[in-house]
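Residue numbers (full-length UniProt numbering): 1 to 138.
Encoded as structure tokens, the structure appears first; notes follow it.
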């Protein structure tokens with residue numbers, strides 16, 4: 001019967017190489033692990049509005065008119081439109097600008113993709129309805 005320990009690399013010259021590759025993997029996984037933890041924390045902060053719109057706790061307490069470019073990006077990401085954040089960020093779309101966007105402007109930012117553009121437009125309309133008449137301090 002073969003001993004399982006015989007399968008383990010016993011050469012001392014191989015061990016440091018394995019240790020080096022493990023430490024490189026740990027270094028590369030540290031940033032991934034941190035990012036994953038942030039996603040998990042963010043997942044816990046999500047709330048659904050009465051219309052089913054996803055907002056983070058921090059976004060829900062601030063009127064969209066006062067959102068920053070980062071807030072707009074977070075709003076898109078938590079509503080499954082994260083692949084279009086870059087276009088919005090490049091145009092420096094903050095909350096006030098987002099609320100004023102037309103379908104055509106959104107189409108331009110999404111690379112003329114109709115489905116995602118309509119989804120984003122609809123999300124903005126839901127957001128407007130959710131916050132209509134609510135007075136939030138900056």
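Every residue gets a Cβ at the ideal spot worked out from N, C-alpha and C, and that includes glycine.
Can you tell which of the options has the C-alpha that lies nearest to the C-alpha of residue i?
| i | options | result |
| --- | --- | --- |
| residue 91 | 81, 133, 110, 63 | 110 |
| residue 131 | 107, 118, 102, 96 | 96 |
| residue 101 | 82, 128, 61 | 128 |
| residue 107 | 117, 68, 121 | 117 |
| residue 83 | 126, 122, 113 | 113 |
| residue 126 | 93, 86, 76, 69 | 76 |
| residue 120 | 68, 66, 71, 79 | 79 |
| residue 65 | 98, 85, 104, 53 | 98 |
| residue 94 | 67, 74, 124, 115 | 67 |
| residue 88 | 103, 104, 69 | 69 |
Since residue i contacts residue j with CB under 8 angstroms, what's their CB separation in whole angstroms?
| i | j | result |
| --- | --- | --- |
| residue 74 | residue 59 | 6 angstroms |
Runs of alpha helix (DSSP H) wholly within the UniProt domain "SAM" (67 to 130) (minimum 4 residues, chain order): 69 to 78, 85 to 90, 95 to 99, 103 to 109
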